[in-house]
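Residue numbers for the sequence shown follow numbering that gives the first Met the number 0, so the first one is 0 and each next one is one higher. See below for the structure under consideration.
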Amino acid sequence: MSEGLQDIQSQKDGKLHVPISVVYASCSLLESGASEVTDLLHQGMTFYLEEPNWKRCFDKLHQTKRCCGVFGVDDWLSARCLVDDDGGILGKTLPASCCSPYANQPCVHDLLQQQHNSTVIGTLIRPPERDVNTMSFYSSVYRRGCARDLLEPIQQDAVFFITVLIIIDVLHVSCTKLWLNVLLLMTIHHIQQLYPPLTA
Numbered sequence: 000m001s002e003g004l005q006d007i008q009s010q011k012d013g014k015l016h017v018p019i020s021v022v023y024a025s026c027s028l029l030e031s032g033a034s035e036v037t038d039l040l041h042q043g044m045t046f047y048l049e050e051p052n053w054k055r056c057f058d059k060l061h062q063t064k065r066c067c068g069v070f071g072v073d074d075w076l077s078a079r080c081l082v083d084d085d086g087g088i089l090g091k092t093l094p095a096s097c098c099s100p101y102a103n104q105p106c107v108h109d110l111l112q113q114q115h116n117s118t119v120i121g122t123l124i125r126p127p128e129r130d131v132n133t134m135s136f137y138s139s140v141y142r143r144g145c146a147r148d149l150l151e152p153i154q155q156d157a158v159f160f161i162t163v164l165i166i167i168d169v170l171h172v173s174c175t176k177l178w179l180n181v182l183l184l185m186t187i188h189h190i191q192q193l194y195p196p197l198t199a
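Take a look at the structure:
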């Protein structure tokens, strides 16, 4: 009898390890998936001026989610350069879709506009400190990155999926215990019917 209980206990313990491994695998998959999404977005940024589909994708993403770049506006400042006909770098630029229509001042998002506004020159190209002009620039564009908006629903679904798995496992273990108790009571009742107690 004790060997049977040990088998049941080991089976029960084995079933509890399944959701833990599923949770671990889900978290690993989610992390690698997030990395793939951010890598793809960074790669797409390099094609912004060359591929109309990437341009439409980023412009729509920026405007609908009110975000800019992958992790923030600095992604564009460090990755995208305007190149002249000779292949020389003119300066850093942002897509116009990074401009917030809710800003109180004009959005200065590329070098051509910077050349017309001498007070802003240099503030887009990795400002050394946050002065008034830099703060003015940052308040005219979306600063938050878009990766969070893309990954958050996936993460929420993953948390929901993991929670459902855990609840199913808890219910499974509870139902198994209940079923074993019912089986034990039925066995005792059956034995009592087959071998009624002796009355004196």
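Heads up, the beta-carbon is just placed ideally off N, CA and C, and yes, glycines get one too. Note that the coordinates shown come from a computational prediction; the quantities given were computed from them, not determined experimentally.
- Scanning Ser77, Asp73, Phe57 and Glu35 for the CA closest to the CA of Arg143 turns up Asp73.
- Trp75 is classed as buried because its beta carbon has at least 16 other beta carbons within 10 Å across all chains shown.
- Rounded to the nearest whole angstrom, the CA to CA distance from Glu151 to Glu50 is 27 Å.
- Contact between the region 165 to 175 and the region 92 to 104 is absent, with fewer than three C-beta pairs closer than 8 Å.
- For Pro152, the enclosing alpha helix (DSSP H) has its first and last residue at Ala146 to Leu193.
- When the Cα atoms are used, Phe159 and Ile166 turn out to be separated by approximately 10 Å.
- The beta-bridge partner set that DSSP reports for Arg143 consists of Gly71.
- Secondary structure note for Asn103: it is in no alpha helix (DSSP H), with a DSSP letter that is neither H nor E.
- When secondary structure is reduced to three states using DSSP, Thr63 falls in the helix class.
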